Structures are given as structure tokens and as C-alpha cells.
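>
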Amino acid sequence: MEIVDTREGYNFKIFGNKTFAVVAGNDTVAFCPFCYSQINFSDDRCPCCNKNIPELIYYHGDDDTWIASGNE
Ligand SMILES: [Zn+2]
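Mind the numbering: the sequence shown is residues 104 to 175 in the numbering used here, read in order.
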């Protein structure tokens with residue numbers, strides 16, 4: 104599990120068993136949820152920051168953070 108930073112204008116969205124960042128209103132282009140580089144939906148790992156694409160990203164309200172899981 105890892106904390107991910109949100110970025111204004113982007114949402115997190117599940118595609119199959121992976122969760123990517125997408126621009127709000129346009130989910131045809133995938134971005135890495137960690138470094139926000141443009142990547143491919145087929146990527147299992149971001150070629151820029153080398154992190155695995157998580158299965159899920161969820162909001163943790165207790166400390167107001169977003170947590171990526173399933174990317175170990
Ligand atoms: Zn990345």
C-alpha cells in the first residue's frame with residue numbers, strides 16, 4: 104500500500120484489475136497515478152517511475168489520504 108497524491112483535473116478510475124489516473128471527462132488516455140506520466144492501459148508498470156499500477160485506489164478519510172493497494 105502506498106499513498107498517492109491527487110492532482111487537480113484528474114480522477115482515479117478502475118479499468119479491469121488496474122486503476123489509472125485519467126483527466127476528468129476523458130477516460131481514453133491513461134496516466135500513472137503516482138507520477139502522472141502518460142502511459143498505456145496495457146502497462147502493468149509505469150515506465151517513468153517504475154511503480155506497478157495498483158489494483159485499487161481508495162480514500163482513507165481518517166487522515167484524508169488516498170491509498171493505492173495491490174501494487175506490491
Ligand atoms: Zn509513474
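We put the CB at the ideal spot given by N, CA and C, even for glycine. Please read all numbers here as calculations on a predicted model, not as lab measurements.
#1: Once DSSP output is grouped into helix, strand and coil, what is the label at TYR139?
#2: Assuming PRO157 contacts ASN174 under a Cβ cut-off of 8 Å, what Cβ separation, rounded to an integer in Å, is found between them?
#3: Under a three-way DSSP split, which group does ARG110 fall into?
#4: What whole-angstrom Cβ distance do VAL132 and TYR113 have, given they're in contact under 8 Å?
#5: Just the C-alpha distance for LYS116 and GLU105, rounded to the nearest angstrom, thanks.
So, to answer that:
#1: Coil, per DSSP.
#2: 4 Å
#3: coil
#4: Between TYR113 and VAL132 the Cβ distance is about 11 Å, and since that is not below 8 Å, they are no contact.
#5: 17 Å
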